[in-house]
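A.B. asks: Take our numbering: the last position of the sequence shown gets the number 424, and nothing is skipped along the way. Note that CB positions come from ideal geometry on N, CA and C, so glycine has one too.
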Amino acid sequence: MDARSAQQSVAGPVRDDVVRKALELYRQLHRYPELSGAEERTAAAFAAKLRDVGFEVTTGVGGHGVVGRLGNGDGPTVLLRAELDALPIAERTGLPYASEVVAQTGDGLRTPVMHACGHDLHLAALAGAAEGFAADRRGWQGTLLAVGQPAEETLKGAAAMIDDGLYRRWGRPDVALAQHCAPLPAGMVAHGDLMTAGCLTLDITIEGSAGHTAMPHLCVDPIVTAALIVVQLQTIRTQQVDPAEPAVLTVGRISAGTRANVVAESAVIGVTMRAYSAATLTRMREAVERVVRAACTAAGTPGEPRITVVAQSPVNRPDPQVTAELRAAHTEAFGTARVAGWPPSLAAEDFPLFATDGVPAGYWMLGTIGPAQWRAAEGTAAAKIAQIPANHSSRYAPYAALALPTGIQALTTAALVWLRRP
Numbered sequence: 003m004d005a006r007s008a009q010q011s012v013a014g015p016v017r018d019d020v021v022r023k024a025l026e027l028y029r030q031l032h033r034y035p036e037l038s039g040a041e042e043r044t045a046a047a048f049a050a051k052l053r054d055v056g057f058e059v060t061t062g063v064g065g066h067g068v069v070g071r072l073g074n075g076d077g078p079t080v081l082l083r084a085e086l087d088a089l090p091i092a093e094r095t096g097l098p099y100a101s102e103v104v105a106q107t108g109d110g111l112r113t114p115v116m117h118a119c120g121h122d123l124h125l126a127a128l129a130g131a132a133e134g135f136a137a138d139r140r141g142w143q144g145t146l147l148a149v150g151q152p153a154e155e156t157l158k159g160a161a162a163m164i165d166d167g168l169y170r171r172w173g174r175p176d177v178a179l180a181q182h183c184a185p186l187p188a189g190m191v192a193h194g195d196l197m198t199a200g201c202l203t204l205d206i207t208i209e210g211s212a213g214h215t216a217m218p219h220l221c222v223d224p225i226v227t228a229a230l231i232v233v234q235l236q237t238i239r240t241q242q243v244d245p246a247e248p249a250v251l252t253v254g255r256i257s258a259g260t261r262a263n264v265v266a267e268s269a270v271i272g273v274t275m276r277a278y279s280a281a282t283l284t285r286m287r288e289a290v291e292r293v294v295r296a297a298c299t300a301a302g303t304p305g306e307p308r309i310t311v312v313a314q315s316p317v318n319r320p321d322p323q324v325t326a327e328l329r330a331a332h333t334e335a336f337g338t339a340r341v342a343g344w345p346p347s348l349a350a351e352d353f354p355l356f357a358t359d360g361v362p363a364g365y366w367m368l369g370t371i372g373p374a375q376w377r378a379a380e381g382t383a384a385a386k387i388a389q390i391p392a393n394h395s396s397r398y399a400p401y402a403a404l405a406l407p408t409g410i411q412a413l414t415t416a417a418l419v420w421l422r423r424p
């Protein structure tokens, strides 16, 4: 087999046996999901698949992170990333391999767990691509790093892996690549100049002075103060951000008190902000701090509010040259009908942190909606997407039979832009 035919065998349609094994892994991962920071079983399953096909594998990187390395002579280093973690959601898909897992959160609560964002499909696609590169090394040269990242849903895992020496221990890659499931027809991929928003999550603790509800004048009720803050925060988006600029501010959590007849000692508010620029996120954060401090001063709380950054991630704006090369490669592999543009989304993701130290990054969306489901939805593409359960829904069910082979081929084709043998 000459180099040209070898390259075609690596990059062409995925072998049936590779798809079958990837589907088995996908169903296994989907049935047994794990929360962010607790991905021990998931990491072990992914690491085992990489070892089985010849990768040098290290586990426990930045938590439960997995790094598999496959060297094949001199050449570029390409990093392919997929995620390990799932979400605290009760699955309602009715799939035969649906999750019934219930796990304990970091604060001791019990919650159902589900792969509702496609991370299981991402991992299975990366395992399939890794097997293809390992099985036929004559059409490419260089080094492939297959990375299973923990704690993406909390936006902490990428930073943890970088801080644990990912680039110091395995070398700075020439490019970092990733894909993500999206509510598009299965079999499609989509590229854009700006993919997802930057995100900042804060925990705000309001101190109170506890006591009996019969004597509120002798207490400082942090729940009342927190309620005023929640309402006032809604004005930040409408009054302090350019109306033409996409941005959101959401209070996603508020917790306080133990009994209805006891004034609480404290209240905690969880706030998430998303925008397409770091400057806007900074402006919103400063406004949040002003609102919180002013409300606490007005209420006479016994201590200063505590404002803690829980998680943050940059805007996901892939390298323009990398995007152009990936779009061209995917168009050649799949045809123009299966390659679409992607409008910016206010979803967030910590993959941009892999672009640290100037590493160019590429990122694309992978369609997961089955043909029958797509046809049954009415209206334009945007209207269809609004009708179909998408990421973070308890009914999100990727059409893996078509999405997974596409994901494997998309990763393989992308990596070969840099690894193909001259």
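Going by alpha carbons, who is nearest to Pro114 out of Glu102, Ala161 and Gly65?
C.D. replies: The residue with the shortest Cα to Cα distance from Pro114 is Glu102.
A.B. asks: Candidates Arg423, Ser211, Thr408 and Thr44: which alpha carbon is nearest His182's?
C.D. replies: The residue with the shortest Cα to Cα distance from His182 is Thr408.
A.B. asks: Evaluate contact between the segment 273-289 and the segment 158-170, counting only Cβ atoms and requiring at least three cross-stretch pairs below 8 angstroms.
C.D. replies: Because the criterion of three Cβ pairs below 8 angstroms is not met, the segment 273-289 and the segment 158-170 do not touch.
A.B. asks: With distance defined between alpha-carbon atoms, name the residue in Leu97, Pro90 and Val232 nearest to Asp109.
C.D. replies: The option with the nearest alpha carbon to Asp109 is Pro90.
A.B. asks: Evaluate the contact criterion for the segment 139-148 versus the segment 328-343: three or more CB pairs, one atom per stretch, below 8 angstroms.
C.D. replies: These segments do not touch.
A.B. asks: Can you say whether Leu111 is buried or exposed, counting buried as having 16 or more other CB atoms within 10 angstroms of its CB?
C.D. replies: With fewer than 16 Cβ atoms within 10 Å of its Cβ, Leu111 is classed as exposed.
A.B. asks: According to the neighbour-count rule (16 or more other Cβ atoms, all chains shown, within 10 Å of its Cβ), is Leu97 buried or exposed?
C.D. replies: It counts as exposed.
A.B. asks: Return the first residue and the last residue of the beta strand (DSSP E) that Asp122 is part of.
C.D. replies: No beta strand (DSSP E) contains Asp122, which is instead part of the alpha helix (DSSP H) from His121 to Ala137.
A.B. asks: Please report the residue range of the alpha helix (DSSP H) in which Pro322 lies.
C.D. replies: Residues Pro322 to Phe336.
A.B. asks: Relative to the C-alpha of Gly456, which candidate in Gly70, His117 and Ala84 has its C-alpha closest?
C.D. replies: Residue 456 lies beyond the stretch modelled for the chain, which goes from 3 to 424, so this question has no answer here.
A.B. asks: Let's see if you can read the secondary structure: which residues bound the alpha helix (DSSP H) around Trp172?
C.D. replies: From DSSP, the alpha helix (DSSP H) with Trp172 extends over Leu168 to Trp172.
A.B. asks: Taking only the alpha-carbon atoms, compute the straight-line gap between Glu133 and Ala180 and give it to the nearest angstrom.
C.D. replies: Each residue's alpha carbon lies about 17 angstroms from the other.
A.B. asks: Suppose you measure from the CA of Ile371 to the CA of Cys119; what does that come to, to the nearest Å?
C.D. replies: Their Cα atoms are separated by approximately 13 angstroms.
A.B. asks: Do you know offhand how far Gln234's Cα is from Leu251's?
C.D. replies: One C-alpha to the other measures close to 11 angstroms.
A.B. asks: Return the Cβ separation of Gly210 and Val265 in integer angstroms, given the expectation that the two are a contact with Cβ distance under 8 angstroms.
C.D. replies: Right, the Cβ-Cβ distance comes to about 7 angstroms (below 8 angstroms), so this counts as a contact.
A.B. asks: Suppose you measure from the CA of Ala129 to the CA of Ala249; what does that come to, to the nearest Å?
C.D. replies: Going from the Cα of Ala129 to the Cα of Ala249 covers about 36 angstroms.
A.B. asks: Let me confirm a value: Arg335 is counted as buried when at least 16 other C-beta atoms fall within 10 Å, else exposed. Which label applies?
C.D. replies: Strictly speaking, residue 335 in this sequence is Ala, with Arg absent from that position. Its Cβ being crowded by 16 or more others within 10 Å, Ala335 is buried.
A.B. asks: When the Cα of Thr414 is compared with those of Gly360, Ala100, Val311 and Gly141, which residue comes out closest?
C.D. replies: Checked all of Gly360, Ala100, Val311 and Gly141; the closest Cα to Thr414 is Gly141.
A.B. asks: Throw me the rounded Cβ distance for the Pro304 and Val222 pair, which I believe falls under 8 angstroms.
C.D. replies: Pro304 to Val222, Cβ: 6 angstroms. Contact.
A.B. asks: Taking the straight line between their C-alpha atoms, what separation do you get for Glu41 and Glu85?
C.D. replies: Distance between the alpha carbons of Glu41 and Glu85 is about 10 angstroms.
A.B. asks: Inspect the beta-carbon positions of Pro152 and Gly67 and report whether they are closer than 8 angstroms.
C.D. replies: Closer than 8 angstroms, so yes.
A.B. asks: Distance check for Ala417 and Ile410, CA to CA, integer angstroms please.
C.D. replies: Taking the straight line joining both Cα atoms gives about 11 angstroms.
A.B. asks: From the DSSP output, in three-state form, read off Pro373 for me.
C.D. replies: Three-state DSSP puts Pro373 in a helix.
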